[in-house]
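Notes follow once the structure below has been shown.
In this note's numbering, the protein residues as written are 4 to 301.
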């Protein structure tokens, strides 16, 4: 596969892997120490979309406003625009810190080329953030020209970092719903398994119309069916642990409701695709739910 310019540059920096090897286990340890609540907050389970991309809009928007207000300040000497520049710079710094924390959370599961690019993305963002903090300090001391120069340098570095962040999403598929790329499944009820083959407490993966479906029997006896491939990083849910009427992905411990597909614990934030199930003549039949994401994009 052809590599992008960014990939070729990052691949020439093998020391990024050394940074990742030393840092990633510590990031995981700190986040895991906070338990499921901290993980779910940082991953955005409560928000129902990944939190990091949403938070990056705060520093990008705020610092863009700083750039405009700095220009107006130079042109007019207005105290109001000068104060606005400083305020938006400070807001961007606060947003940048929050984005950095959630970005580290997203990065803790990466490996290979995506992990390496994530390190480069994070280091550039750290440099940009540090220069913005320095800019605010210089402005507070009255060195506005030096502050503007530090800000412009940091803003440029943050722009390069944002490009790498976009590549992580669009090239590597970080934090996208992997169920989008699965087949939709049958529109009509299709026989997949004899009812006697599904135990009361077990889970069973079946293939139907090119898609993997995870069958289970809820504690109340209802037969449930959701996509068998975890939408976070395509982990095989049939190999996960069952906890009541939920399943825990064996790869990164995302937990889903077996009957609704709802993400309960991250890092996954999107629901699993859902399938309606019924029993006819001793056989389990399933069909895809109309609300499944595959049906919305094709």
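C-beta: ideal position from N, C-alpha, C; glycine also.
Close CB contacts of residue 127 within its chain, under the 8 Å cut and outside five residues either way in sequence, are with 160, 161, 163, 164, 167 (chain order). For residue 292, same chain residues with a beta-carbon under 8 Å away, outside a window of 5 residues either side, are 276, 277, 278, 279 in chain order. DSSP, reduced to helix, strand and coil, places residue 217 within a strand of the structure shown. Between residue 23 and residue 119, the CB-CB gap stays under 8 Å. The beta carbon of residue 193 sits closer than 8 Å to the beta carbons of 211, 212, 288, 289, 290 from its chain, once the five residues preceding and following it are set aside; these are given in chain order.
If you draw a straight line from the Cα of residue 88 to the Cα of residue 131, it is about 17 Å long. Between residue 73 and residue 181, the C-beta spacing is not below 8 Å.
The Cβ atoms of residue 269 and residue 42 sit closer than 8 Å to each other.
Residue 215 is positioned such that its CB atom lies no closer than 8 Å to that of residue 207. Annotation for residue 8: the continuous alpha helix (DSSP H) segment containing it runs 8–14. Cβ contact annotation for residue 247 (same chain, cutoff 8 Å, sequence separation greater than five): 222, in chain order.
When DSSP reads this structure, residue 282 sits in a beta bridge with 287. Annotated as distal: residue 125 and residue 99, with beta-carbon spacing of 8 Å or more.
Taking a contact to require three or more Cβ pairs closer than 8 Å, the stretch 226–240 and the stretch 6–18 do not qualify as touching. Where residue 226 is concerned, there is no enclosing alpha helix (DSSP H), although the beta strand (DSSP E) around it starts and stops at 226–230.
Considering only 228, 184, 251, the residue with the shortest C-alpha distance to residue 301 is 184. In chain order, 65, 66, 69, 135, 138, 139, 142, 154 place their CB closer than 8 Å to the CB of residue 92, counting only its own chain and leaving out the 5 sequence neighbours on each side. Assignment of residue 266 by DSSP, reduced to helix, strand and coil, places it in the strand class. The stretch 55–130 is shown to contain whole alpha helix (DSSP H) runs of 4 or more residues at 82–110, in chain order. Beta-bridge pairing by DSSP links residue 245 to 250. With contacts defined as CB atoms closer than 8 Å, residue 187 and residue 233 fail to qualify as a contacting pair. Per the coordinates, the alpha-carbon of residue 32 lies some 10 Å from the alpha-carbon of residue 26. When secondary structure is reduced to three states using DSSP, residue 301 falls in the coil class, being assigned neither helix nor strand. 108 is the residue among 77, 38, 19, 108 whose C-alpha sits nearest the C-alpha of residue 56.
Around the Cβ of residue 81, a 10 Å sphere holds fewer than 16 other Cβ atoms; the residue is exposed. When only Cα atoms are considered, residue 264 and residue 84 end up about 50 Å apart.
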